[in-house]
Amino acid sequence: MIQLLGNAALLYLPSAYQALALACLVVVVLGLVAIGAALAGRDRLPEADLLVGWSVVAGIVVVFGGWLGVSLTILSAVSLLLALGSALVLWRRRQAPLDGGVLRILVWMVPILVATASMEPSQWDEFSQWLPNARYLTLFDTFPGPGNPPTDSVFPAYPPAMTVIYLLSSRLGGHYFDTVAPWFNLLLLASSARLVVRLFRGDDGAGWSATAWGVLAVTALGTTFVPKLVFSGYADTATAVAVAFSAILGLQLRQGGGRGLQFAAVFALLPMTKQGNFALMALLLGALVFDCLRHGDGVTRFGKQLALTMVPVIVVSLAWRLHVTAGVGELSVRAVSDWEWALLPDMLNSMAGVILSKGGYFGAGFLLVAIAVLGLGRQRLVTLFALCFLGYNIFLLVVYLAILAGYESAHAASYWRYNTHLGMLEMFVLTQVIGQRVGRLGAISLARRAALAVGGLAAIIIPFAAVKYIRFDRNPAKMDALRVIRDMAPLLPPAARLTVIDARGTGFYGNFTNYHLGYGQHVSQNLSTFNTAELAKVLTEHRPDYIWLRTQNPEVARILAQDPDASHLLKAEGDGWRVVKSWPFPPGIDPAGEKD
Numbered sequence: 001m002i003q004l005l006g007n008a009a010l011l012y013l014p015s016a017y018q019a020l021a022l023a024c025l026v027v028v029v030l031g032l033v034a035i036g037a038a039l040a041g042r043d044r045l046p047e048a049d050l051l052v053g054w055s056v057v058a059g060i061v062v063v064f065g066g067w068l069g070v071s072l073t074i075l076s077a078v079s080l081l082l083a084l085g086s087a088l089v090l091w092r093r094r095q096a097p098l099d100g101g102v103l104r105i106l107v108w109m110v111p112i113l114v115a116t117a118s119m120e121p122s123q124w125d126e127f128s129q130w131l132p133n134a135r136y137l138t139l140f141d142t143f144p145g146p147g148n149p150p151t152d153s154v155f156p157a158y159p160p161a162m163t164v165i166y167l168l169s170s171r172l173g174g175h176y177f178d179t180v181a182p183w184f185n186l187l188l189l190a191s192s193a194r195l196v197v198r199l200f201r202g203d204d205g206a207g208w209s210a211t212a213w214g215v216l217a218v219t220a221l222g223t224t225f226v227p228k229l230v231f232s233g234y235a236d237t238a239t240a241v242a243v244a245f246s247a248i249l250g251l252q253l254r255q256g257g258g259r260g261l262q263f264a265a266v267f268a269l270l271p272m273t274k275q276g277n278f279a280l281m282a283l284l285l286g287a288l289v290f291d292c293l294r295h296g297d298g299v300t301r302f303g304k305q306l307a308l309t310m311v312p313v314i315v316v317s318l319a320w321r322l323h324v325t326a327g328v329g330e331l332s333v334r335a336v337s338d339w340e341w342a343l344l345p346d347m348l349n350s351m352a353g354v355i356l357s358k359g360g361y362f363g364a365g366f367l368l369v370a371i372a373v374l375g376l377g378r379q380r381l382v383t384l385f386a387l388c389f390l391g392y393n394i395f396l397l398v399v400y401l402a403i404l405a406g407y408e409s410a411h412a413a414s415y416w417r418y419n420t421h422l423g424m425l426e427m428f429v430l431t432q433v434i435g436q437r438v439g440r441l442g443a444i445s446l447a448r449r450a451a452l453a454v455g456g457l458a459a460i461i462i463p464f465a466a467v468k469y470i471r472f473d474r475n476p477a478k479m480d481a482l483r484v485i486r487d488m489a490p491l492l493p494p495a496a497r498l499t500v501i502d503a504r505g506t507g508f509y510g511n512f513t514n515y516h517l518g519y520g521q522h523v524s525q526n527l528s529t530f531n532t533a534e535l536a537k538v539l540t541e542h543r544p545d546y547i548w549l550r551t552q553n554p555e556v557a558r559i560l561a562q563d564p565d566a567s568h569l570l571k572a573e574g575d576g577w578r579v580v581k582s583w584p585f586p587p588g589i590d591p592a593g594e595k596d
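Encoded structure:
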């Protein structure tokens, strides 16, 4: 029993570092909520307060930090003063930023927060760009660019809204925290869960039963709830939430007042979150204009309102573009003549395979498209989703043709992940449709009690019952690699050129190693199953100072014959290699494993 409790503590209890990071994040989020609530006033959608405050602070950082080069510490202090001023405004208004429904949502989310409180970063793109970007801001108090220290990120020009959350939490705690993004994503889902309840009920009510089901709707029952996206530093969850809230607020633009301001802020968050979000923005704007024309709701007035809300979008987008033109990296579109037309049949086949394998999301999506086309539903949100759903999938096909290439194009890389960007909007639409049907049937007290029991138990039990799917950061191979890297770091001189060889892996451990060795480009060559044939050339033409031999295949074993049941740090000596240290693999693990 003592050992069992010890293992549970190891799995669930956060370290002191993680507990401090979580505490700092909570303070940051409360500050953002206060800013959003004070700015939009009483005539607002309260669930959007976090997104509005986040957008305001991210916009300040983009314009004054990215474009004008103002110290990020100064901007963090400005954000703190803005939060304190907003709290004072709310106090004078006698206005609470969090209502009872939100607090009940947070109570129901305690189990999933506990299950993930000790999570560590573990996903590919976290180590190649998201975390290096955040670490750079924390270390150097500025964005990369001419005259600044070199960046060690693959894509340093990725929009910085998510990295702003790392920055603010780290500045508050006086230490770089790289674990806050999963918790921030959960708090975004909490805001979404509260809105789910509102859409389902059609009013402000939010009892214990409704809020439990609201949490389930955005987590276990969500059509695009992917733990590896939610519990990571990826910006996909933030994108999905911002898109969904933009759709809701866009349909409420006619109300004017705080709703218009909220739409402007949340919509401006999209270009600051992901580069590809401009496509979603264009589709959403087109759908809103179509909705206005279809219903004849004062087209001229609506057009003026929409144009006015575009001012923040234009400002932050131009400010970031001016920063990017300074020479930092991002993805780019190729000339039409260079598009991957020959791979089009493979792309379509790969996309079809994903559609068939993810029947929940795509099935519901095509059903809602049918409802919109046949006019079976009166909800404007249905049509809005249908237009975005069809348009976005056409856009993704263009991405595979015009931006990605080779293997990624032919296999429609991340097609499912990109579609999750519309997942929260789909859940909002489904919730509204189902809620109206259920409302017509009425409800009896017995049914309410049963719903509370089932929803509440599910919200409590599921996070722990599904812990092996949530705690993918506990992958034995990754934990072993991290142990070795921390042991290896003191053995490497500061300027050493390191080659990582993972002959049976995909190249993940090269990025993993480079990040965990600290700031800088430590890994000069990253050899995986795709390019180990280049090993002889690397060792002669780009001779590294050290090699970390993680896994071997026959080609590698022929050149660097070492014990295959261990990883080895090798140092160049003369024409050969000396073993500095070896680390036997723990029993039963696949050292090349990275997927869970």
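Residue 323 in this note's numbering sits at position 323 of the sequence shown, and the numbers go up by one each step. No residue lacks a Cβ here, since even glycine has one placed at the ideal position from N, Cα and C.
Report all residues from its chain with a CB closer than 6 Å to the CB of VAL241; omit the five preceding and five following residues, and keep chain order. The count along the sequence shown starts at 1 and reaches residue 241 at position 241. Non-local beta-carbon contacts of VAL241 in its own chain, meaning distances under 6 Å to residues more than five positions away in sequence, involve LEU188, SER192 and MET424 in chain order.
Considering TYR546, what are the terminal residues of the beta strand (DSSP E) in which it resides? Within the sequence shown, numbered from 1, the residue matching residue 546 stands at position 546. Start and end: 546-551.
Are at least three pairs of beta-carbons, each pair with one atom in the segment 47-61 and one in the segment 205-217, less than 8 Å apart? Taking 8 Å as the limit for Cβ pairs, the verdict is that the segment 205-217 does not touch the segment 47-61.
Give, in chain order, every unbroken run of the beta strand (DSSP E) that is at least 3 residues long and sits entirely within the segment 432-512. For the segment 432-512, whole beta strand (DSSP E) runs of length 3 or above, ordered along the chain, are 498-502.
Name, in chain order, the residues that DSSP records as bridge partners for GLN525. Numbered from its first residue, the sequence shown carries residue 525 at position 525. Per DSSP, THR499.
Short of 6 Å in beta carbon distance, which residues of its chain neighbour ALA265, apart from the five on each side in sequence? Order them along the chain. Residue numbering aside, residue 265 sits at position 265 when the sequence shown is read from its first letter. When the five nearest sequence neighbours on each side are left out, the beta carbons in the same chain lying within less than 6 Å of the beta carbon of ALA265 are those of VAL52 and SER55, in order along the chain.
Tell me, to the nearest whole angstrom, how far the beta carbon of SER76 is from that of LEU168; I am working on the premise that it is less than 8 Å. Counted from its first residue, the sequence shown places residue 76 at position 76. Counted from its first residue, the sequence shown places residue 168 at position 168. With a Cβ gap of about 6 Å, SER76 and LEU168 count as contacting.
Decide if LEU517 is buried, meaning its Cβ has at least 16 other Cβ atoms within 10 Å, or exposed. As a working mapping, residue 517 is identified with position 517 in the sequence shown. Classification of LEU517: buried, given that the 10 Å Cβ count is 16 or more.
With respect to the alpha helix (DSSP H) encompassing ARG93, which residues constitute its N-terminal and C-terminal limits? Here residue 93 refers to the residue found at position 93 when the sequence shown is read from its first residue. According to the DSSP assignment, ARG93 belongs to the alpha helix (DSSP H) that extends over 72-93.
Mind checking which residues open and close the alpha helix (DSSP H) that includes GLY36? Numbered from its first residue, the sequence shown carries residue 36 at position 36. 16-40 is the span of the alpha helix (DSSP H), which, as asked, contains GLY36.
Report the residue ranges of all alpha helix (DSSP H) runs contained in full by the segment 124-175; include only those spanning at least 4 residues, in chain order. List check, alpha helix (DSSP H) in window: 131-140 and 161-173.
Between which two residues does the beta strand (DSSP E) carrying LEU569 extend? As a first step, residue 569 must be located in the sequence shown, where it is residue number 569. In the DSSP annotation of this structure, the continuous segment of the beta strand (DSSP E) that includes LEU569 starts and ends at 566-573.
Measure from the alpha carbon of THR179 to the alpha carbon of each residue in ARG198, ARG194, ASP236 and PHE231, then state which is nearest. Within the sequence shown, numbered from 1, the residue matching residue 179 stands at position 179. The residue with the shortest Cα to Cα distance from THR179 is PHE231.
Return the bridge partner residues of LYS581 from the DSSP annotation. Numbered from its first residue, the sequence shown carries residue 581 at position 581. Paired residues: LEU569.
Identify, in the order they occur along the chain, each residue of the same chain with its Cβ nearer than 8 Å to the Cβ of TYR607, setting aside the five sequence neighbours on each side. Examination of residue 607 is not possible in this model, given that the chain is present from 1 through 596 alone.
Excluding five sequence neighbours on each side, which residues of the same chain lie with their C-beta closer than 8 Å to the C-beta of THR431? Residue numbering aside, residue 431 sits at position 431 when the sequence shown is read from its first letter. By the criterion of a C-beta distance shorter than 8 Å, THR431 is surrounded in its chain by VAL196, LEU199, PHE200 and ALA217, once the five residues flanking it on both sides are discounted.
Simplified DSSP state of GLY375, which is helix, strand or coil: Residue numbering aside, residue 375 sits at position 375 when the sequence shown is read from its first letter. Of the three classes helix, strand and coil, the one that applies to GLY375 here is coil, per DSSP.
Considering only DSSP beta bridges, list what GLY576 is partnered with. Taking the sequence shown and counting its residues from 1, one reaches residue 576 at position 576. Looking at the DSSP assignment, GLY576 forms a beta bridge with GLU573.
What residues in its chain sit with their C-beta under 8 Å from that of THR532, if we drop five residues either side in the sequence? What you label residue 532 is simply residue 532 of the sequence shown in a count that begins at 1. A distance below 8 Å between beta-carbons, with the five flanking residues on each side excluded, links THR532 to the following residues of its chain, in chain order: ILE501, ALA503, ASN553, GLU555 and VAL556.
ILE355 by DSSP, collapsed to three states: which one? Here the question's residue 355 lines up with position 355 in the sequence shown. Residue state, collapsed to three classes: helix.
Taking the straight line between their C-alpha atoms, what separation do you get for LEU253 and THR309? Taking the first residue of the sequence shown as 1, we reach residue 253 at position 253. Taking the first residue of the sequence shown as 1, we reach residue 309 at position 309. Going from the Cα of LEU253 to the Cα of THR309 covers about 9 Å.
What does a CB cutoff of less than 6 Å around TRP597 pick up in its chain, not counting 5 residues either side in sequence? The structure shown has nothing for residue 597, since the chain only spans 1 to 596.
Could you check the C-alpha separation between ASP565 and PHE64 for me, to the nearest Å? In the sequence shown, the residue the question calls residue 565 occupies position 565. In the sequence shown, the residue the question calls residue 64 occupies position 64. Looking at the two C-alpha atoms, the distance is approximately 52 Å.
Supposed contact pair TRP108 and ALA561 - C-beta distance, whole angstroms, cut 8 Å: The count along the sequence shown starts at 1 and reaches residue 561 at position 561. The count along the sequence shown starts at 1 and reaches residue 108 at position 108. Not a contact, Cβ separation roughly 57 Å.
Under the three-state DSSP convention, the category PRO97 falls into: The residue given as residue 97 occupies position 97 in the sequence shown. Three-state DSSP puts PRO97 in coil, outside helix and strand.
Whole-angstrom distance between HIS421 and ASN185, CA atom to CA atom: As a position in the sequence shown, residue 185 is number 185, starting the count at 1. As a position in the sequence shown, residue 421 is number 421, starting the count at 1. Looking at the backbone, the Cα of ASN185 and that of HIS421 are separated by about 13 Å.
Can you tell me whether TRP91 is buried or exposed, with buried defined as 16 or more other CB within 10 angstroms of its CB? Mapped onto the sequence shown, residue 91 falls at position 91. Within 10 angstroms of the beta-carbon of TRP91 lie fewer than 16 other beta-carbons, which makes it exposed.
Beta-carbon gap between LEU396 and TYR415 smaller than 8 Å: Within the sequence shown, numbered from 1, the residue matching residue 396 stands at position 396. Within the sequence shown, numbered from 1, the residue matching residue 415 stands at position 415. It is a contact, given that the beta carbons lie within the stated cut-off.
Where SER246 falls, given that 16 or more other Cβ within 10 Å makes a residue buried: Residue 246 sits at position 246 when you count from the first residue of the sequence shown. Its Cβ being crowded by 16 or more others within 10 Å, SER246 is buried.
Near TRP213, what residues of its chain come up, given a Cβ to Cβ distance below 6 Å and the 5 sequence neighbours on each side ignored? In the sequence shown, residue 213 corresponds to position 213, counting from 1. For TRP213, where only same-chain residues beyond five positions count, the Cβ hits under 6 Å are GLY455.
Locate the alpha helix (DSSP H) running through GLU555, then write down its first and last residues. The residue you call residue 555 lines up with position 555 of the sequence shown. According to the DSSP assignment, GLU555 belongs to the alpha helix (DSSP H) that extends over 554-559.
Same chain, Cβ closer than 6 Å to ALA496, five either side skipped, listed in chain order: Residue numbering aside, residue 496 sits at position 496 when the sequence shown is read from its first letter. Cβ neighbours of ALA496 beyond the five flanking positions: ASP545 and TYR546.
Whole angstroms is fine: what's the gap from ARG471's alpha carbon to ALA465's? Within the sequence shown, residue 471 is the residue found at index 471, counting from 1. Within the sequence shown, residue 465 is the residue found at index 465, counting from 1. C-alpha separation (whole angstroms): 11 Å.
Buried or exposed for LEU4, going by 16 or more other Cβ atoms inside 10 Å? Stepping through the sequence shown from its first residue, residue 4 is reached at position 4. Reliability fails at LEU4, whose pLDDT of 40 lies under 50, so the model's placement of it is uncertain and the value that follows must be treated cautiously. Exposed, because fewer than 16 other Cβ atoms sit within 10 Å of the Cβ of LEU4.
Classification of VAL438 by the beta-carbon crowding that lies within 10 angstroms, buried from 16 upward: Counting from one through the sequence shown, the residue named residue 438 turns up at place 438. Exposed, since its Cβ has fewer than 16 Cβ neighbours within 10 Å.
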